[in-house]
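To keep things clear, I will list the structure first and then write my remarks on it.
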Amino acid sequence: MGSGNSVNANYKYSLQKSENAFKAAVLIQQWYRRYVARLEMRRRCTWRIFQSIEYACEQDQIKLHNFFSYLMDQFTPSSSKERDFISRMFISGESFKEAELEKYCDYESLEVPDSYTGPHLSFPLLPDHATALLEAFKQKQQLHARYVLNLLHETRKHLKQLPNISHVSTCYSEEVTVCGDLHGQLDDLFLIFYKNGLPSPSKSYVFNGDFVDRGKQSLEILIILFTFLLIYPNEVHLNRGNHEDHMVNLRYGFCVGLIAMSRVHGKKILKMIQNVFCWLPLATLIDQKVLIIHGGISDTTDLDMLEKIQRNKFISVLRGKKRKESNRNVEIQELNGETKVEADPPGSETAPSLPLQPRPSQAPSMANKLEFSRWVRQTVQEQIDWCRRLVDISESEDEELTYSSMVSLTDLDKPCWTRQEECKQILDILWSDPMPQEGCRANTVRGGGCYFGPDVTEKILEKYNLQFLIRSHECKQEGYEFCHNRKVLTIFSASNYYEIGSNRGAYVKLGPDLVPHFVQYQANKTAHTLTMTQRQGFPFALISRVEESAFRALREKLFAHTSALISAFKVYDKDNTGRITLSNWATAVESVLHLGLPWRMLRPQLVRSTADGMLEYKSWLNDLAMEQRSQEHIQSSLLEVIYRNRSNLETIFRIIDRDHSGLISFEEFHQTWKLFSSHMNIELTDDGINDLVRSIDFNKDGNIDFNEFLEAFRLVKQSQ
Numbered sequence: 001m002g003s004g005n006s007v008n009a010n011y012k013y014s015l016q017k018s019e020n021a022f023k024a025a026v027l028i029q030q031w032y033r034r035y036v037a038r039l040e041m042r043r044r045c046t047w048r049i050f051q052s053i054e055y056a057c058e059q060d061q062i063k064l065h066n067f068f069s070y071l072m073d074q075f076t077p078s079s080s081k082e083r084d085f086i087s088r089m090f091i092s093g094e095s096f097k098e099a100e101l102e103k104y105c106d107y108e109s110l111e112v113p114d115s116y117t118g119p120h121l122s123f124p125l126l127p128d129h130a131t132a133l134l135e136a137f138k139q140k141q142q143l144h145a146r147y148v149l150n151l152l153h154e155t156r157k158h159l160k161q162l163p164n165i166s167h168v169s170t171c172y173s174e175e176v177t178v179c180g181d182l183h184g185q186l187d188d189l190f191l192i193f194y195k196n197g198l199p200s201p202s203k204s205y206v207f208n209g210d211f212v213d214r215g216k217q218s219l220e221i222l223i224i225l226f227t228f229l230l231i232y233p234n235e236v237h238l239n240r241g242n243h244e245d246h247m248v249n250l251r252y253g254f255c256v257g258l259i260a261m262s263r264v265h266g267k268k269i270l271k272m273i274q275n276v277f278c279w280l281p282l283a284t285l286i287d288q289k290v291l292i293i294h295g296g297i298s299d300t301t302d303l304d305m306l307e308k309i310q311r312n313k314f315i316s317v318l319r320g321k322k323r324k325e326s327n328r329n330v331e332i333q334e335l336n337g338e339t340k341v342e343a344d345p346p347g348s349e350t351a352p353s354l355p356l357q358p359r360p361s362q363a364p365s366m367a368n369k370l371e372f373s374r375w376v377r378q379t380v381q382e383q384i385d386w387c388r389r390l391v392d393i394s395e396s397e398d399e400e401l402t403y404s405s406m407v408s409l410t411d412l413d414k415p416c417w418t419r420q421e422e423c424k425q426i427l428d429i430l431w432s433d434p435m436p437q438e439g440c441r442a443n444t445v446r447g448g449g450c451y452f453g454p455d456v457t458e459k460i461l462e463k464y465n466l467q468f469l470i471r472s473h474e475c476k477q478e479g480y481e482f483c484h485n486r487k488v489l490t491i492f493s494a495s496n497y498y499e500i501g502s503n504r505g506a507y508v509k510l511g512p513d514l515v516p517h518f519v520q521y522q523a524n525k526t527a528h529t530l531t532m533t534q535r536q537g538f539p540f541a542l543i544s545r546v547e548e549s550a551f552r553a554l555r556e557k558l559f560a561h562t563s564a565l566i567s568a569f570k571v572y573d574k575d576n577t578g579r580i581t582l583s584n585w586a587t588a589v590e591s592v593l594h595l596g597l598p599w600r601m602l603r604p605q606l607v608r609s610t611a612d613g614m615l616e617y618k619s620w621l622n623d624l625a626m627e628q629r630s631q632e633h634i635q636s637s638l639l640e641v642i643y644r645n646r647s648n649l650e651t652i653f654r655i656i657d658r659d660h661s662g663l664i665s666f667e668e669f670h671q672t673w674k675l676f677s678s679h680m681n682i683e684l685t686d687d688g689i690n691d692l693v694r695s696i697d698f699n700k701d702g703n704i705d706f707n708e709f710l711e712a713f714r715l716v717k718q719s720q
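Just so it is clear: in the sequence shown, position 80 is 80 by the UniProt record's numbering, and no numbers are missing.
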């Protein structure tokens with residue numbers, strides 16, 4: 001009996017032990033699930049903050065462009081000198097005639113010194129040149145300006161022969177690899193090539209735009225991509241993105257970084273890159289079934305029109321209003337054989353119309369064969385030039401017929417589109433984003449392009465007999481994302497885009513069956529240097545780091561709008577107590593910042609908890625000011641204005657600084673100030689402007705650098 005009792009006790013003990021172990025396992029599982037859920041929620045909130053602030057900056061860029069466009073519409077130059085300056089600054093500053101561009105960017109005049117230890121290029125390029133470039137850039141070496149300009153010259157020559165929409169077939173290679181935004185992150189490109197292999201006759205690549213800006217190695221990425229493009233022209237395809245745009249580059253760092261990198265020849269390289277960008281194809285079609293575009297589509301997207309647009313006219317698609325409708329009407333009348341000449345009323349200013357068809361001069365005697373031959377050549381050239389102007393072929397490209405100009409010449413009987421219609425087509429495919437709702441509406445978040453719904457996608461796919469669209473333009477946490485019933489695929493190749501650990505990068509491979517296969521990665525050097533103990537807590541530590549970065553950016557944004565926030569808070573503080581409810585705080589903050597963030601969820605990270613659920617908003621704003629003042633020793637009201645306007649101030653400075661020297665000449669400032677003062681109805685004499693510019697030149701070197709520009713702005717605000 002004793003033995004039986006012992007067995008019973010052991011059984012009960014084992015059962016109890018198992019039960020406790022089971023309960024412990026359930027508790028651990030519940031705790032882990034809550035932990036993962038909290039991490040995911042924090043990650044999503046962090047993501048929303050980064051994305052909202054990014055899109056708000058893009059919206060500011062569009063607003064700034066619209067402001068300058070408005071100034072241009074209202075400003076009437078009083079002299080040919082002013083007209084030339086304003087035209088050069090805001091309208092056609094980038095356009096060079098062919099011969100002028102070749103002369104300005106003459107690479108043959110540059111000598112490579114014997115002390116140069118970087119890679120060397122000779123044309124035509126070979127695969128060994130590409131390999132040497134990759135190794136050199138891994139060793140942080142730079143390519144000499146002569147080779148850079150030579151490469152850009154050859155790239156431009158090649159791109160000019162390409163159609164607006166590239167056509168790729170999987171019949172000639174095992175698969176096609178599509179990469180999204182790289183944004184100057186060279187490590188991501190290295191990782192793609194390491195995982196997937198270098199471009200070759202059996203490995204085709206499509207790079208879907210946004211090669212530059214934000215990252216620090218934009219030029220290196222362009223050099224590598226252009227090199228492979230010239231070595232494998234049938235296997236490497238480049239699409240234009242919204243950041244292959246001069247106006248966007250002025251704001252997001254590529255222009256400044258390039259000039260800083262090459263002080264002597266940076267301006268020439270930048271000018272050549274601007275011209276190369278406008279020759280990049282707009283889209284790629286794989287097997288006539290998969291359309292690859294950088295941004296998206298709209299309900300008015302017309303691939304037939306995109307095929308025929310002379311794409312090089314649009315150095316910046318943010319500069320759409322460049323020619324008045326009256327000019328287009330004159331062109332159409334000329335094309336239809338009509339002429340309509342009306343005398344302009346005295347004192348009126350009209351845009352210059354196209355000249356009438358030139359009448360050939362009287363032919364000389366055929367006895368003088370040399371003179372007669374010269375007359376024939378001149379007459380033919382005049383007629384060709386006139387035809388070119390009618391079909392809107394840029395004078396800057398008058399040395400050779402390009403693909404798009406040949407299309408224009410052979411389609412004189414087709415509909416004539418206005419420049420604004422053409423610009424909208426390009427703007428939509430470079431700037432648009434998909435949305436889950438039906439329809440198509442303006443993309444007010446970015447400030448350009450549109451939001452398109454699944455019905456718009458279905459309509460375009462059906463119209464052109466396509467299977468699905470591949471686009472980029474949006475950072476995705478996993479590097480890719482499907483939407484619209486898997487008919488739209490977003491691919492983004494810049495990992496750690498907002499902060500280390502914020503997102504993965506990805507590329508997609510398509511075989512003859514056109515079934516997408518994804519490869520994800522994270523080019524994260526920090527992760528490789530962590531100890532084993534640190535790796536165990538890496539996800540939490542990484543999210544904390546990313547989260548901290550996001551909230552720091554958000555607090556800067558809040559601080560930059562202190563004055564507007566106080567006004568919004570007072571609406572809910574009728575008795576002027578200096579206190580509002582936390583719910584009203586969230587509503588007021590959104591009404592000022594318009595970021596679309598879940599403020600109630602973010603509140604614990606931004607506002608200290610209170611026992612009665614009320615917030616002393618002045619104290620809270622003072623805390624924000626103290627945090628920012630610890631970084632810059634300026635009184636808070638000035639700092640607020642500078643934080644809010646710094647990006648715009650930098651962009652304005654770079655626009656005025658046409659030669660990208662980092663300095664504004666007195667003449668540039670003088671003419672620009674006349675533009676602003678005319679808009680603001682400020683009467684200031686030339687002597688007054690000269691006094692103003694001399695007062696801003698603090699170090700008296702005859703130029704204004706950005707620090708002087710910013711200091712003058714700060715002092716003006718301080719005096720107010």
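Ideal Cβ positions, reconstructed from N, Cα and C, are used throughout, including at glycine.
Identity of the residue in the options nearest residue i by Cα
i             : options                        : result
alanine 550   : Gln605, Glu19, Lys570, Val212  : Gln605
alanine 283   : Lys271, Asn239, Pro598         : Asn239
arginine 251  : Val212, Ile269, Tyr232, Cys278 : Val212
leucine 259   : Phe666, Leu219, Pro516, Lys570 : The sequence as given places isoleucine at residue 259; leucine does not occur at that position. Nearest C-alpha to isoleucine 259: Leu219.
leucine 469   : Lys17, Leu291, Lys308, Gly613  : Leu291
threonine 170 : Lys195, Ala586, Leu514         : Leu514
serine 502    : Phe518, Glu547, Tyr464         : Glu547
threonine 300 : Asp181, Val456, Tyr194, Pro163 : Val456
glutamine 437 : Ile429, Leu280, Glu458, Val571 : Glu458
glutamate 100 : Leu597, Asn524, Met272         : Met272
glutamate 174 : Asn196, Asp181, His153, Leu189 : Asn196
arginine 419  : Ala523, Gly447, Ile309, Gln139 : Ile309
glutamate 108 : Asn249, Ser115, Arg146         : Arg146
tyrosine 55   : Met247, Asn8, Arg446, Leu306   : Arg446
histidine 243 : Gly184, Ile224, Asp287         : Gly184
leucine 182   : Ser204, Leu162, Lys216         : Lys216
leucine 558   : Leu125, Asn8, Asp573, Ser591   : Ser591
lysine 463    : Gln141, Gln288, Leu565         : Gln288
valine 488    : Glu474, Tyr497, Tyr498         : Glu474
Nearest-angstrom beta carbon gap, residue j and residue i [assumed within contact, 8 Å]
i              : j            : result
valine 178     : leucine 466  : No, valine 178 and leucine 466 are not in contact; Cβ-Cβ is about 15 Å, not under 8 Å.
tryptophan 431 : glycine 449  : 3 Å
serine 563     : cysteine 440 : Not really, about 37 Å apart at Cβ, beyond 8 Å.
isoleucine 53  : alanine 553  : 6 Å
glutamate 154  : leucine 39   : Not really, about 50 Å apart at Cβ, beyond 8 Å.
leucine 225    : tyrosine 521 : That belief does not hold up - the Cβ atoms of leucine 225 and tyrosine 521 are roughly 18 Å apart, past 8 Å.
valine 176     : valine 148   : Between valine 148 and valine 176 the Cβ distance is about 29 Å, and since that is not below 8 Å, they are no contact.
alanine 442    : tyrosine 480 : Between tyrosine 480 and alanine 442 the Cβ distance is about 26 Å, and since that is not below 8 Å, they are no contact.
Burial state of residue i (16 or more Cβ within 10 Å)
i              : result
arginine 311   : buried
asparagine 10  : exposed
aspartate 344  : The predicted model places aspartate 344 with a pLDDT of 41, which falls under 50 and marks its position as unreliable; any figure quoted below should be read in that light. Aspartate 344 is exposed by the Cβ-count criterion.
aspartate 106  : exposed
isoleucine 164 : According to the sequence displayed, residue 164 carries asparagine and not isoleucine. With 16 or more Cβ atoms within 10 Å of its Cβ, asparagine 164 is classed as buried.
lysine 313     : buried
leucine 412    : Confidence at leucine 412 is low in this model, with a pLDDT of 47, below 50, so its placement is unreliable and no value can be given for it.
glutamine 16   : exposed
tyrosine 32    : exposed
leucine 27     : exposed
serine 316     : buried
valine 264     : exposed
histidine 517  : exposed
methionine 41  : exposed
threonine 46   : buried
One or two residues paired with residue i in a DSSP bridge
i              : result
proline 516    : Leu510
glutamate 556  : According to DSSP, which records beta bridges pairwise, glutamate 556 is partnered with nothing at all.
serine 166     : Thr284
methionine 614 : Thr581
valine 178     : Val206, Val508
Heavy atom of the ligand GTP within 6 Å of residue i beta-carbon
i             : result
glutamine 477 : In the structure shown, the ligand GTP is absent, as is every other ligand, since no ligand is present at all.
Minimum length 4: unbroken alpha helix (DSSP H) runs contained in the segment 429-511:
454-463
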